[in-house]
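Trainee: Residue numbers (the working numbering): 1045 to 1286. Think of the CB as a built atom: it goes at the ideal place given N, C-alpha and C, for glycine as much as any other residue. This is the structure, below, for whatever I ask next.
Here is the structure:
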């Protein structure tokens, strides 16, 4: 737009761009990114922050690896996209440490660490538009605990899904406990897209002899697509189950 108006700032300000022209120009500058399934349903663009939530066996880390492999093939064809990937963002917000005072460095609370992470990612995205993909293990709890109340446990029972200390039967816990958001509000508002992954008890036969595959489900909750997809993870990618 500035090139059409010339080098005069007053001429640049005088350009009248319609909403349709603005949308068309924006889409051409940042075209949609097509990711491997099940991440392919939501329209994603550089600058979006996608949170992939699911238990440790739901395949969320595998989806990051698949995206890297897909991007490598795209780069070979001359199509390049920048990614920022964080596997297990919850590592920056340990629940056990949130209830204890930080004696060594009082100025570095877990809240401030998360604020710093968000601030640094924002600065990077301003310099280089990229798609941010982040995995997060869920936490289940019972009682009156509300979002962001995990810094004071109270009487609530909390179960970090990826914990190596508190290892429960996941499916039984999911039936009796409800999901609780534990990331600070600054992170929650930073995320633009959310997808939840789960593992079902059902299994599907594999093309390989004497092999069965676990059934996974995915559901976009932000934006809400109101549909669930079933898929299985294989060595070379993901198989969608109709």
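Quick check: what's the CA-CA separation for residue 1166 versus residue 1128?
Mentor: Cα to Cα, residue 1166 sits roughly 11 Å from residue 1128.
Trainee: Classify residue 1271 as buried or exposed, calling it buried when 16 or more other Cβ atoms lie within 10 Å of its own Cβ.
Mentor: By the 10 Å Cβ count, residue 1271 comes out exposed.
Trainee: Measure the C-alpha to C-alpha separation of residue 1276 and residue 1095 and round it to an integer number of angstroms.
Mentor: If you take the alpha carbons of residue 1276 and residue 1095, they lie about 20 Å apart.
Trainee: Is the CB-CB distance between residue 1230 and residue 1162 below 8 Å?
Mentor: Cβ distance < 8 Å, so residue 1230 and residue 1162 count as in contact.
Trainee: Just grab the DSSP bridge partners of residue 1230 for me.
Mentor: Partner(s): none; residue 1230 has no beta bridge.
Trainee: Under the three-state reduction of DSSP, which class applies to residue 1133: helix, strand or coil?
Mentor: The answer is helix: DSSP assigns residue 1133 an H, G or I state.
Trainee: Quick check: what's the CA-CA separation for residue 1107 versus residue 1084?
Mentor: Straight-line Cα distance between these residues: approximately 11 Å.
Trainee: Comparing alpha-carbon positions, which option in 1154, 1078, 1260 lies nearest residue 1114?
Mentor: Here the closest residue by C-alpha is 1078.
Trainee: Check for me: the alpha helix (DSSP H) holding residue 1164 runs from which residue to which?
Mentor: Start and end: 1154-1171.
Trainee: Can you list, in chain order, the residues of its chain with a C-beta nearer than 7 Å to that of residue 1131? Leave out the 5 residues immediately preceding and following it.
Mentor: Excluding positions up to five away in sequence, the list reads 1105, 1108, 1179.
Trainee: Determine the closest residue to residue 1126 out of 1224, 1269, 1063, 1093, with distance taken between C-alpha atoms.
Mentor: Here the closest residue by C-alpha is 1093.
Trainee: What distance in whole Å lies between the Cβ atoms of residue 1098 and residue 1240, which are believed to be in contact at a cut-off of 8 Å?
Mentor: 6 Å between Cβ atoms; contact.
Trainee: Which residues bound the beta strand (DSSP E) around residue 1179?
Mentor: First-last of the beta strand (DSSP E) with residue 1179: 1175-1180.
Trainee: Just tell me which of 1265, 1177, 1263 has its CA closest to the CA of residue 1090.
Mentor: Of 1265, 1177, 1263, the residue nearest in Cα terms is 1177.
Trainee: Can you tell which of 1135, 1174, 1170 has the C-alpha that lies nearest to the C-alpha of residue 1155?
Mentor: Nearest of 1135, 1174, 1170 to residue 1155, Cα basis: 1135.
Trainee: Measure the alpha-carbon distance for residue 1228 versus residue 1183 and round it to whole angstroms.
Mentor: Going from the Cα of residue 1228 to the Cα of residue 1183 covers about 14 Å.
Trainee: Check residue 1111 in the structure and name its three-state DSSP category.
Mentor: Reduced to three states, the DSSP call for residue 1111 is helix.
Trainee: Grab the span of the beta strand (DSSP E) containing residue 1284 for me, first residue to last.
Mentor: Element bounds for residue 1284: 1281-1285.
Trainee: Return the CA-CA distance between residue 1284 and residue 1273, expressed in angstroms with no decimal places.
Mentor: Their backbone Cα atoms lie some 7 Å apart in a straight line.
Trainee: Excluding the 5 residues preceding and the 5 following residue 1265 in the sequence, name in chain order all residues of the same chain whose CB lies nearer than 8 Å to its CB.
Mentor: Excluding sequence neighbours, residue 1265 sits near 1238, 1239, 1240.
Trainee: Could you check how far apart the C-beta atoms of residue 1257 and residue 1278 are, in whole angstroms? I think they sit under 8 Å.
Mentor: Right, their Cβ atoms sit about 7 Å apart.
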